[in-house]
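See structure below.
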Ligand code: SF4
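Numbering (my numbering), first residue to last: -13 to 210.
Shown next, in the form of structure tokens:
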């Protein structure tokens, strides 16, 4: 059983993101990190670990102290990340007291398309965010920390086999899970009206990953 802490703030703006309040919201609904850690501490006997999610948890300035505290309780730590903050990831991984036990890397689109996910379109930031993602993925590969990759099948074939081809070099032999986009509270409300992709679309992406020698896993759990 795991507790989950959702951290506010993100450097990306995926239009389908369903954590709108965390990404662009204000202080409403947030609790102090000390309060959250107190909550975890009281339940440490029933928890096996804590997931640090978001938003993008690696943007949180005090993350090393948070991980240190959780590990001092004897709990494992998993990080959910978009992979575009490699310096922060390397920093926590380089210290045994803050090294996560597991990493889940979200792969959104082909790296060359990450400019579509930036808050402000800036031609200068396209190579930067793509390069950071490549750097982050390479680091995860070589980190010897157990990890997985996650990609959503999106409406209107927003992500295609071509994206999977471009993403494949970032992925090693670890599981690459494909799941379906779900509308509701999307960052771009226009996406709430979009048709949910069929299972076959996610299966096709997983199948493409398998063709490329990856461990693509469809939403049904079957391996392609
Ligand atoms: S889906 Fe993840 S990476 Fe994208 S905006 Fe939401 S929190 Fe950020």
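Even glycine gets a Cβ: it sits at the ideal position worked out from N, Cα and C.
Going straight from the alpha carbon of residue 189 to that of residue 154, what length do you get?
Numbered from 1 along the chain shown, position 203 holds the residue referred to as residue 189. Numbered from 1 along the chain shown, position 168 holds the residue referred to as residue 154. Using only the alpha carbons, I get a separation of about 16 Å.
Please state whether the Cβ-Cβ distance between residue 53 and residue 63 is less than 7 Å.
Reading the chain shown from its first residue, position 67 is the one you call residue 53. Reading the chain shown from its first residue, position 77 is the one you call residue 63. Closer than 7 Å, so yes.
The beta strand (DSSP E) enclosing residue -7, as first and last residue numbers
Reading the chain shown from its first residue, position 7 is the one you call residue -7. Looking at the DSSP string, the run of the beta strand (DSSP E) that includes residue -7 is -12 to -7.
Helix or strand or just coil, what does DSSP make of residue 85?
Position 99 of the chain shown, counted from the start, is the residue given in the question as residue 85. Coil at residue 85, not helix or strand.
Just how far apart, CA to CA, sit residue 24 and residue 18?
Position 38 of the chain shown holds residue 24. Position 32 of the chain shown holds residue 18. Using only the alpha carbons, I get a separation of about 10 Å.
Grab me the residues of residue 210's own chain with a C-beta within less than 8 Å of its C-beta, minus the 5 sequence neighbours each way, in chain order.
On the chain shown, position 224 is the one that residue 210 refers to. Residue placement at residue 210 is poorly supported in this model, since its pLDDT is 47, which falls under 50; the coordinates still yield a value, given next. Only 189, 192, 193, 195, 196, 202, 203, 204 meet the Cβ criterion.
Residue 171, buried or exposed, once every other Cβ within 10 Å from all chains shown has been counted against 16:
Residue mapping note: residue 171 aligns to position 185 of the chain shown, counting from 1. With fewer than 16 other Cβ atoms inside 10 Å of its own Cβ, residue 171 counts as exposed.
Less than 6 Å between the CB of residue -2 and some heavy atom of the ligand SF4, yes or no?
The sequence position of residue -2 within the chain shown is 12, counting from 1. Yes, the ligand SF4 has a heavy atom inside 6 Å of this Cβ.
Tell me which same chain residues have a C-beta within less than 6 Å of the C-beta of residue 45, skipping the five on either side of it?
Along the chain shown, one-based indexing puts residue 45 at 59. Within the same chain, residue 45 has close Cβ partners -5.
Let's test the definition: count the other Cβ atoms within 10 Å of the Cβ of residue 211 and tell me whether it reaches 16, buried, or not, exposed.
No statement about residue 211 is possible, as the shown extent of the chain runs from -13 to 210 and does not include it.
According to DSSP, simplified to helix, strand and coil, what is residue 9?
Stepping through the chain shown from its first residue, residue 9 is reached at position 23. In the three-state scheme derived from DSSP, where H, G and I count as helix and E and B as strand, residue 9 is classed as helix.
Is residue 142 buried or exposed, if buried means 16 or more other CB atoms sit within 10 Å of its CB?
If you number the chain shown from 1, residue 142 lands on position 156. Counting Cβ neighbours within 10 Å, residue 142 comes out exposed, since fewer than 16 surround it.
Please find out if some non-hydrogen atom of the ligand SF4 comes closer than 6 Å to the beta-carbon of residue 171.
Mapped onto the chain shown, residue 171 falls at position 185. Residue 171 Cβ: outside cutoff for every heavy atom of the ligand SF4.
Can you look up residue 209 in the DSSP assignment and give me helix, strand or coil?
Start at 1 with the first residue of the chain shown, and residue 209 comes out as number 223. Any reading at residue 209 is ruled out, since the residue's pLDDT is 47, under 50, leaving its predicted position unreliable.
Can you tell me whether residue 157 is buried or exposed, with buried defined as 16 or more other CB within 10 angstroms of its CB?
Taking the first residue of the chain shown as position 1, residue 157 is located at position 171. It counts as buried.
Span separating the alpha-carbon of residue 176 from that of residue 187:
Looking up residue 176 in the chain shown gives position 190. Looking up residue 187 in the chain shown gives position 201. Spanning the two alpha carbons is a distance of roughly 21 Å.
Got a sec: does the ligand SF4 put a non-hydrogen atom nearer than 6 Å to the Cβ of residue 68?
In the chain shown, the residue the question calls residue 68 occupies position 82. Yes, Cβ of residue 68 sits closer than 6 Å to a heavy atom of the ligand SF4.
Element boundaries [alpha helix (DSSP H), containing residue 57]:
Translated into positions along the chain shown, residue 57 becomes position 71. Segment 49 to 58, the alpha helix (DSSP H) holding residue 57.
Would you call the segment 2 to 16 in contact with the segment 78 to 86, where contact means no fewer than 3 C-beta pairs closer than 8 Å?
Contact between the segment 2 to 16 and the segment 78 to 86 is absent, because fewer than three Cβ pairs lie under 8 Å.
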